[in-house]
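Data block below; observations after.
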Amino acid sequence: MLIRITGFWMHNNPLAPFSKLYLKYFIMKKSFFILYVMIAITGCKEKDFNDDLQTLNPEPDKAISIRIHELAQEIRIIELDIPDGIFLGNTESIRVAGDYFILHDGLYSHSITVFDQTGKFVSQLSSIGRGPGEYLGSHAYAVIENNSIIIVNDRGSKFLLYSFPKFEFITSFEETRYFMSMESLDEPFVLTISDSRHNNDEYTGAELFNVDQKTFQRLELPAKPAIIDLSYQNTLTRHSEGVYYSSPGFLTSVFDIGSDTVKKIVRIDFGKFNMPDEVWEWNSPERFETVFFENPKATWVQLFNKTSDYYSFFFLFSPEQQRFFSICNIETSDCIVYNEIALFDSFSVLPAPIGLFDEYYITYLEPWQIKELVPEKYETENVWENQLINARDMEKNILVLFTPIFPNDYYSK
26 MLIRITGFWM HNNPLAPFSK LYLKYFIMKK SFFILYVMIA ITGCKEKDFN DDLQTLNPEP
86 DKAISIRIHE LAQEIRIIEL DIPDGIFLGN TESIRVAGDY FILHDGLYSH SITVFDQTGK
146 FVSQLSSIGR GPGEYLGSHA YAVIENNSII IVNDRGSKFL LYSFPKFEFI TSFEETRYFM
206 SMESLDEPFV LTISDSRHNN DEYTGAELFN VDQKTFQRLE LPAKPAIIDL SYQNTLTRHS
266 EGVYYSSPGF LTSVFDIGSD TVKKIVRIDF GKFNMPDEVW EWNSPERFET VFFENPKATW
326 VQLFNKTSDY YSFFFLFSPE QQRFFSICNI ETSDCIVYNE IALFDSFSVL PAPIGLFDEY
386 YITYLEPWQI KELVPEKYET ENVWENQLIN ARDMEKNILV LFTPIFPNDY YSK
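Residue 26 is where the sequence shown starts when you use this note's numbering, and the numbers rise one by one after that.
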């Protein structure tokens, strides 16, 4: 079965975030430590933002298909135990905090649902309203305080704090800005991407948010209008020491951001498929979308990961309107691009991963999707294939986790 990597975070419309409607909808515990952080960031700026960077050159027009057992070093299937009355909505992103999977629907139900590592339901936050502990939207959130508290941004209105993973309301405080995305750093900091306006009508962009003191320190990162408009949740991926931020643009810049460091680590150049530099200055999603569809273009790097051997990431490619996957050798900078993943023995379409946990990419599948993917009559001794068959028969929602590897025979071809 060929799995065409499609979709953004919404299963049915991979380019929905480009639309005007979509974009408008998402319309230090001690003072000396704060000073240290600001000095450190300022001091490293000249050094870290040099132009002597490794450049990756994935070529979308040379994309190939691959079987998942050739791409993945390990494949795991986790069935989700969803109680009656629990509605997951349109799950658009998945994170892992401690021992828990977090499924988030920031568009329809505005729910945040937690499962343990075995798929057992733990709790759900779905407090829609205007009263204490309630919100009208839950687009951005972060888990903080050693995975004991979750902070949720209520669409340009306030921040709310709940216990995690039980979602007991703690407190809230006003914050009128709107945040495209958030991710936790070392306590008490959270990395935020805001589309609020700064000096000379520029976007604010990336900031360090001190949750304890409720203060923000702006980072000098690219903040052109279209860059910020595309800085959704999956452009931020957390790792053991910080957060990778895949900043869109003519060339994609990947930053490694910590509580006291900001370092540009790699550049991604799609060559003739880059979006023109001038479009990133535009405030018009319609104009941006027109350019994207006029000729084949590649942009919007998401779920970036770095291991000791490779970089990996997904990106959006037109006119196929699908997510391609690229894996690049760290030592040589060689990149392979995949547009299809072969599974079983017939063609079907699988939503692209919407989460990253360590080296595992995470895809979420609903029962109707599994039925489309898994043949009715199929026998196998493979463990994960049998788990898929069981999920199809039992009509289970599942998570598919896989760890990619750079092919050993690449240089012998």
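From the three backbone atoms N, C-alpha and C, an ideal C-beta is built for every residue, glycine too.
(1) Determine whether the beta carbon atoms of E232 and R243 lie at a separation below 8 Å.
(2) Taking DSSP as the reference, what is the three-state secondary structure of N411?
(3) Return the residue from the list F318, D254, F369 that minimises the CA-CA distance to L413.
(4) Tell me the DSSP secondary structure of F340 in three-state form.
(5) Under the three-state reduction of DSSP, which class applies to N422: helix, strand or coil?
(6) In this structure, how does DSSP classify S298 when only helix, strand and coil are distinguished?
(7) How many whole angstroms separate the CB atoms of T332 and M300, which I take to be in contact at a CB cut-off of 8 Å?
(8) Going by DSSP, what residue range makes up the beta strand (DSSP E) through H129?
(9) Which residue wins for smallest C-alpha separation from D254, given the options F295, V291, F313, D294?
(10) Going by DSSP, name the residue or residues bridged to Y385.
(11) Quick one: Cα of D109 to Cα of E193, how far?
(12) Alpha carbon to alpha carbon, how far is A248 from F126? Give it in angstroms, no decimals.
(13) Within the same chain, show all residues whose beta-carbon is closer than 6 Å to that of L390, passing over the 5 residues directly before and after it, in chain order.
(14) Please check the pair V279 and I169, which I expect to be a contact at CB under 8 Å, by giving their CB distance rounded to whole angstroms.
(15) Using three-state DSSP, classify P83 as helix, strand or coil.
(16) Below 6 Å CB to CB, which residues in the same chain sit around K322 once its five sequence neighbours on both sides are set aside?
(17) For F204, write down the residues that DSSP places opposite it in a beta bridge.
(18) Count the other C-beta atoms from every protein chain shown that fall within 10 angstroms of the C-beta of M207, then say buried if there are 16 or more, exposed otherwise.
(19) Return helix, strand or coil for E99, following the three-state DSSP convention.
(20) What residue range does the alpha helix (DSSP H) around A251 cover?
(21) Is it the case that the region 349-364 contacts the region 390-405, given that we only count it when at least three CB pairs across the two stretches are under 8 Å?
(22) Would a C-beta distance cut-off of 8 Å place F431 and Y335 closer than the cut-off?
(23) Expressed to the nearest angstrom, what Euclidean distance is found between the alpha-carbon atoms of R92 and P429?
(24) By the three-class DSSP mapping on this structure, what secondary structure does A377 have?
(25) Measuring alpha carbon to alpha carbon, tell me which of F275, F189, G283 ends up nearest N82.
Concretely, from the data shown:
(1) yes
(2) helix
(3) F369
(4) strand
(5) strand
(6) Sequence check: residue 298 is Phe here, not Ser. Helix at F298.
(7) Actually they are not in contact, since the Cβ atoms of T332 and M300 sit about 28 Å apart, beyond 8 Å.
(8) 125-129
(9) F313
(10) F382
(11) 21 Å
(12) 31 Å
(13) I423
(14) So it is not a contact: roughly 24 Å between Cβ atoms.
(15) coil
(16) F298, M300, S343
(17) S219
(18) buried
(19) strand
(20) 250-254
(21) no
(22) yes
(23) 11 Å
(24) coil
(25) F275
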